[in-house]
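Novice: By UniProt numbering, the letter at position 252 of the sequence shown is numbered 252, and the numbering carries on one by one without gaps. We put the beta carbon where it would ideally sit given N, CA and C, even for glycine. It should be emphasised that the depicted structure is a prediction, and the values quoted were computed from it without experimental measurement.
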Amino acid sequence: MNRTDTPTPVLDRQEDTLATRVAAAGGQLYRVGGVIRDELLGTPSKDVDYLVTGIPDREINAALAPALIDEVGQHFGVRKARLLGEDGDVLGDVVDIALPRTEVSTGAGHSAFEVRFDHTLDVADDLARRDFTMNALARNVHTGELIDPFGGQEDLRRGVLRCVGNASARLEEDIIRAWRGARFIARLNLEPSSTLRLAAESQRDLISTVPAERIWSELYGAAKGAHFASGVAFLIDTGLLDLSLPEWTAARGFDQCNRYHCDPVDRHILAVVARLDAQGASPEAKLAGLFHDLGKPATFTVDAAGQGHFYGHDDVGADLARARLSALKAPSDVVDRVELLVREHMNLPVTCGEKAVRRMINRLGDALDDYLHLWTADRLAHVGVNGGDILAFAQSVRDLAASPDVPRGKDERDLALRGDEIAALTGARGSAIGAAKKHLAALWFAGDVPNDRDALIARLHADGFVPTGR
Numbered sequence: 001m002n003r004t005d006t007p008t009p010v011l012d013r014q015e016d017t018l019a020t021r022v023a024a025a026g027g028q029l030y031r032v033g034g035v036i037r038d039e040l041l042g043t044p045s046k047d048v049d050y051l052v053t054g055i056p057d058r059e060i061n062a063a064l065a066p067a068l069i070d071e072v073g074q075h076f077g078v079r080k081a082r083l084l085g086e087d088g089d090v091l092g093d094v095v096d097i098a099l100p101r102t103e104v105s106t107g108a109g110h111s112a113f114e115v116r117f118d119h120t121l122d123v124a125d126d127l128a129r130r131d132f133t134m135n136a137l138a139r140n141v142h143t144g145e146l147i148d149p150f151g152g153q154e155d156l157r158r159g160v161l162r163c164v165g166n167a168s169a170r171l172e173e174d175i176i177r178a179w180r181g182a183r184f185i186a187r188l189n190l191e192p193s194s195t196l197r198l199a200a201e202s203q204r205d206l207i208s209t210v211p212a213e214r215i216w217s218e219l220y221g222a223a224k225g226a227h228f229a230s231g232v233a234f235l236i237d238t239g240l241l242d243l244s245l246p247e248w249t250a251a252r253g254f255d256q257c258n259r260y261h262c263d264p265v266d267r268h269i270l271a272v273v274a275r276l277d278a279q280g281a282s283p284e285a286k287l288a289g290l291f292h293d294l295g296k297p298a299t300f301t302v303d304a305a306g307q308g309h310f311y312g313h314d315d316v317g318a319d320l321a322r323a324r325l326s327a328l329k330a331p332s333d334v335v336d337r338v339e340l341l342v343r344e345h346m347n348l349p350v351t352c353g354e355k356a357v358r359r360m361i362n363r364l365g366d367a368l369d370d371y372l373h374l375w376t377a378d379r380l381a382h383v384g385v386n387g388g389d390i391l392a393f394a395q396s397v398r399d400l401a402a403s404p405d406v407p408r409g410k411d412e413r414d415l416a417l418r419g420d421e422i423a424a425l426t427g428a429r430g431s432a433i434g435a436a437k438k439h440l441a442a443l444w445f446a447g448d449v450p451n452d453r454d455a456l457i458a459r460l461h462a463d464g465f466v467p468t469g470r
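1) Enumerate in chain order the residues of its own chain whose CB-to-CB distance from V10 is below 6 Å, with the five nearest sequence positions on each side excluded.
2) In angstroms with no decimal places, state the Cα-to-Cα distance between K438 and G289.
3) Could you tell me the distance, in whole angstroms, from the CA atom of D131 to the CA atom of R413?
4) Does the contact criterion of 3 or more C-beta pairs under 8 Å hold for the segment 251 to 270 versus the segment 210 to 224?
5) In whole angstroms, what separates the C-alpha of P264 from that of D237?
6) Alpha carbon to alpha carbon, how far is D12 from V123?
7) Please go through the segment 264 to 295 and give each complete alpha helix (DSSP H) segment of 4 or more residues, from N-terminal end onward.
8) Can you round the beta-carbon distance between I185 and L206 to whole angstroms, since I take them to be within the 8 Å contact cut?
9) Out of L440, E339 and R204, which one is the CA nearest neighbour of G239?
10) Going by DSSP, what residue range makes up the beta strand (DSSP E) through D370?
11) Grab me the residues of A229's own chain with a C-beta within less than 7 Å of its C-beta, minus the 5 sequence neighbours each way, in chain order.
12) Does T8 come out as helix, strand or coil in the three-state DSSP assignment?
13) Are there 16 or more other CB atoms within 10 angstroms of the CB of K46, so buried, or fewer, so exposed?
14) Which residues mark the beginning and the end of the beta strand (DSSP E) in which H224 is found?
15) Please look up how many angstroms separate the CB atoms of L171 and L190, rounded, as I've assumed it's under 8 Å.
16) With a threshold of 7 Å on Cβ separation, who are the neighbours of L40 within its own chain once the five nearest residues in sequence on each side are excluded?
17) Counting C-beta neighbours from all protein chains within 10 Å, is the total for G181 16 or more, i.e. buried, or is it exposed?
18) Would you mind sorting L68 into buried or exposed? The rule is 16 or more other CB atoms within 10 Å of its CB.
19) Tell me whether V338 is buried or exposed, calling it buried when 16 or more other Cβ atoms sit within 10 Å of its Cβ.
20) Output needed for D463: all residues of its chain with C-beta closer than 8 Å, excluding positions within five of it in sequence on either side, in chain order.
21) W179 to A167, Cα distance in whole Å?
22) Would you report the Cα separation of V164 and R183, rounded to the nearest angstrom?
23) Alpha carbon to alpha carbon, how far is R322 from G159? Give it in angstroms, no decimals.
24) Between the Cα of H461 and the Cα atoms of I422, G447 and A441, which residue gives the shortest distance?
25) Excluding the 5 residues flanking V94 on each side, which residues of the same chain have their C-beta closer than 6 Å to its C-beta?
26) Taking the straight line between their C-alpha atoms, what separation do you get for E15 and V357?
27) Please state whether DSSP places L364 in a helix, a strand or coil.
28) Round the Cβ separation of A392 and L372 to the nearest angstrom and send it over; I've been treating them as touching at under 8 Å.
29) In whole angstroms, give me the CA-to-CA distance for residue 527 and G419.
30) Taking L341 and L380 to be in contact with their CB atoms under 8 Å, please state how far apart those CB atoms are, rounded to whole angstroms.
31) Kindly identify the DSSP beta-bridge partner or partners of D49.
32) With burial defined as no fewer than 16 other Cβ atoms inside 10 Å of the residue's Cβ, what is the status of P100: buried or exposed?
33) Short of 6 Å in beta carbon distance, which residues of its chain neighbour R214, apart from the five on each side in sequence? Order them along the chain.
34) Could you check which residue in V334, T376, C257 and Q279 has the C-alpha nearest to that of T301?
35) For P192, which beta-bridge partners are listed by DSSP?
36) Say the cut is 7 Å; is the CB of L235 nearer than that to a heavy atom of the ligand PLP?
The following block contains the structure:
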């Protein structure tokens with residue numbers, strides 16, 4: 001076993017108290033899992049998980065006292081605790097405290113396993129049940145000793161994502177670990193080991209046993225990473241993406257037969273996602289990049305010259321994105337944003353004038369930045385474009401949007417002229433008032449009139465909405 005001595009760490013008040021109480025009861029306290037991985041990577045970690053050895057389950061609560069303890073996970077040998085000082089003051093945030101445990105698969109599916117916990121187990125036995133070597137790490141809180149029985153530290157140094165022990169067995173226990181692997185690849189820029197690739201491919205059909213919410217959680221987590229394209233590539237190579245996004249299968253190797261695209265649809269999409277990574281785009285923009293051209297196979301036509309066209313693929317892709325993300329139980333605001341970006345991604349040609357740009361800025365509202373990331377990444381992945389022109393045009397849109405007189409996300413209700421005022425001025429009733437408001441709003445969005453009451457009234461006169469003599 002790889003055990004490395006390090007200087008005794010400086011502990012915060014709660015951890016110091018926890019270590020003291022555990023030691024007084026004859027136990028040992030370890031930090032385990034992701035917190036150690038993040039420590040070795042030099043990145044902050046939000047949560048700290050603890051492992052306690054040497055104290056029977058029935059004695060843990062007494063050993064931690066005084067403390068506020070939630071035993072909701074006691075069946076799995078885990079409890080949530082918030083330690084109290086001798087004077088009753090709270091010492092820190094809620095932490096998870098577990099006994100060493102093993103998990104034995106009892107069938108297919110993420111919930112088909114039996115948990116066995118035993119305070120006499122060595123910490124290495126607990127680490128052996130974990131998914132990846134980089135997560136199978138522990139540090140003795142009392143001594144600072146690093147416990148690394150599976151070479152996780154070296155794998156991190158080499159940038160390799162490797163399963164603990166037999167990769168097929170680990171994924172058979174819970175196939176979501178393959179999707180989690182994609183998230184770690186995207187977040188940490190890791191290279192999956194050959195054994196992980198083979199195991200994910202061979203066990204991929206088990207994904208049908210996983211609830212949609214868990215797949216969504218890993219997909220969105222991967223999109224938050226700086227290397228989402230690498231995570232997606234892993235899912236593509238192993239066939240996992242096709243099973244959770246069936247529309248991807250039709251895009252594989254689909255020849256676009258178009259002079260603006262030298263790559264098939266799937267490779268173009270991956271190139272766009274990689275550019276979105278490089279731009280530091282939001283997860284929503286990256287997901288829109290993943291979906292933006294998946295409507296192409298269903299809309300493919302060939303003209304007399306042999307050129308391929310995909311009329312309406314933006315709308316088809318937007319509908320597809322909404323349906324698939326909804327099926328994965330994605331939050332409605334994410335679904336709405338991705339659908340909007342995909343539906344609009346063809347609607348800003350570099351040849352359009354300022355009025356069209358202004359209308360687009362208003363239509364997109366607070367989605368404009370995401371849109372420009374997607375638009376730029378997509379255009380730069382075309383053949384024969386001038387990259388400088390693309391970037392300059394995108395910047396000109398940003399500059400225009402920054403102007404205080406350019407509306408964003410507005411509609412008729414935001415006009416400086418109310419419906420009752422229009423009725424009094426024009427004599428209009430019912431739908432005629434709405435038509436007048438729609439007319440004024442369109443002029444405002446295009447920059448033809450400012451949203452000023454007097455200017456709007458003058459425009460109603462000029463455009464014949466106000467009868468002569470009124």
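Specialist: In short:
1) In the sequence shown, counting from the first residue as 1, residue 10 sits at position 10. Because V10 sits at a pLDDT of 46, beneath the cut-off of 50, its placement in the model cannot be relied upon, and the point is left open.
2) Residue numbering aside, residue 438 sits at position 438 when the sequence shown is read from its first letter. Residue numbering aside, residue 289 sits at position 289 when the sequence shown is read from its first letter. K438 and G289: Cα-Cα distance of roughly 33 Å.
3) Taking the first residue of the sequence shown as 1, we reach residue 131 at position 131. Taking the first residue of the sequence shown as 1, we reach residue 413 at position 413. Between D131 and R413, the C-alpha separation is close to 54 Å.
4) no
5) Position 264 of the sequence shown, counted from the start, is the residue given in the question as residue 264. Position 237 of the sequence shown, counted from the start, is the residue given in the question as residue 237. If you take the alpha carbons of P264 and D237, they lie about 16 Å apart.
6) Against the sequence shown, residue 12 aligns to sequence position 12. Against the sequence shown, residue 123 aligns to sequence position 123. Straight-line Cα distance between these residues: approximately 23 Å.
7) 265 to 279 and 283 to 291
8) As a first step, residue 185 must be located in the sequence shown, where it is residue number 185. As a first step, residue 206 must be located in the sequence shown, where it is residue number 206. With 8 Å as the limit, I185 and L206 do not qualify as a contact, their Cβ atoms being about 19 Å apart.
9) By one-based count along the sequence shown, residue 239 stands at place 239. Here the closest residue by C-alpha is R204.
10) Here residue 370 is taken as the residue at index 370 of the sequence shown, counted from 1. Run containing D370: none in the beta strand (DSSP E); it sits in the alpha helix (DSSP H), L368 to L380.
11) Counting from 1 along the sequence shown, the entry for residue 229 is found at position 229. Correct list, in chain order: L270, V273, A274 and D277.
12) Start at 1 with the first residue of the sequence shown, and residue 8 comes out as number 8. Here the model assigns T8 a pLDDT of 46, short of 50, so the residue's position is not dependable and the matter cannot be decided.
13) Position 46 of the sequence shown holds residue 46. It is exposed - the Cβ of K46 has fewer than 16 other Cβ atoms within 10 Å.
14) For the purposes of this step, residue 224 is taken as residue 224 along the sequence shown, with counting starting at 1. Here residue 224 is Lys; the residue named in the question, His, does not match the sequence. Counting along the chain, K224 falls outside any beta strand (DSSP E), and DSSP gives it neither H nor E.
15) Stepping through the sequence shown from its first residue, residue 171 is reached at position 171. Stepping through the sequence shown from its first residue, residue 190 is reached at position 190. Between L190 and L171 the Cβ distance is about 16 Å, and since that is not below 8 Å, they are no contact.
16) Within the sequence shown, the letter at position 40 stands for residue 40. Closer than 7 Å at the Cβ level, and outside the excluded window around L40, lie Q153 and L156.
17) Stepping through the sequence shown from its first residue, residue 181 is reached at position 181. G181 should be labelled buried.
18) Here residue 68 corresponds to residue number 68 of the sequence shown, with the count starting at 1. Exposed is the call here.
19) As a first step, residue 338 must be located in the sequence shown, where it is residue number 338. V338 is buried by the Cβ-count criterion.
20) Here residue 463 is taken as the residue at index 463 of the sequence shown, counted from 1. Contacts found: H439.
21) Numbered from its first residue, the sequence shown carries residue 179 at position 179. Numbered from its first residue, the sequence shown carries residue 167 at position 167. Straight-line Cα distance between these residues: approximately 14 Å.
22) If you number the sequence shown from 1, residue 164 lands on position 164. If you number the sequence shown from 1, residue 183 lands on position 183. Going by the C-alpha atoms only, they are around 17 Å apart.
23) Position 159 of the sequence shown, counted from the first residue, corresponds to residue 159. Position 322 of the sequence shown, counted from the first residue, corresponds to residue 322. Taking the straight line joining both Cα atoms gives about 35 Å.
24) Taking the first residue of the sequence shown as 1, we reach residue 461 at position 461. Answer by Cα proximity: I422.
25) Along the sequence shown, one-based indexing puts residue 94 at 94. For V94, where only same-chain residues beyond five positions count, the Cβ hits under 6 Å are K80 and R82.
26) Locating residue 15 in the sequence shown gives position 15, where the first residue counts as 1. Locating residue 357 in the sequence shown gives position 357, where the first residue counts as 1. So the alpha carbons of these two residues sit roughly 56 Å apart.
27) Taking the first residue of the sequence shown as 1, we reach residue 364 at position 364. Residue state, collapsed to three classes: helix.
28) Locating residue 392 in the sequence shown gives position 392, where the first residue counts as 1. Locating residue 372 in the sequence shown gives position 372, where the first residue counts as 1. 12 Å between Cβ atoms; not a contact.
29) The displayed coordinates of the chain run from 1 to 470. Any statement about residue 527 would go beyond what the structure contains.
30) Residue numbering aside, residue 341 sits at position 341 when the sequence shown is read from its first letter. Residue numbering aside, residue 380 sits at position 380 when the sequence shown is read from its first letter. Contact doesn't hold; Cβ gap of about 16 Å is too wide.
31) Mapped onto the sequence shown, residue 49 falls at position 49. DSSP output for D49 lists V32 and D96 as bridge partner(s).
32) For this step, residue 100 is matched to residue 100 along the sequence shown. Buried.
33) On the sequence shown, position 214 is the one that residue 214 refers to. The answer, listed in chain order, is I176.
34) Counting from 1 along the sequence shown, the entry for residue 301 is found at position 301. Checked all of V334, T376, C257 and Q279; the closest Cα to T301 is C257.
35) On the sequence shown, position 192 is the one that residue 192 refers to. Looking at the DSSP assignment, P192 forms a beta bridge with L161.
36) The model depicted lacks the ligand PLP and carries no ligand whatsoever.
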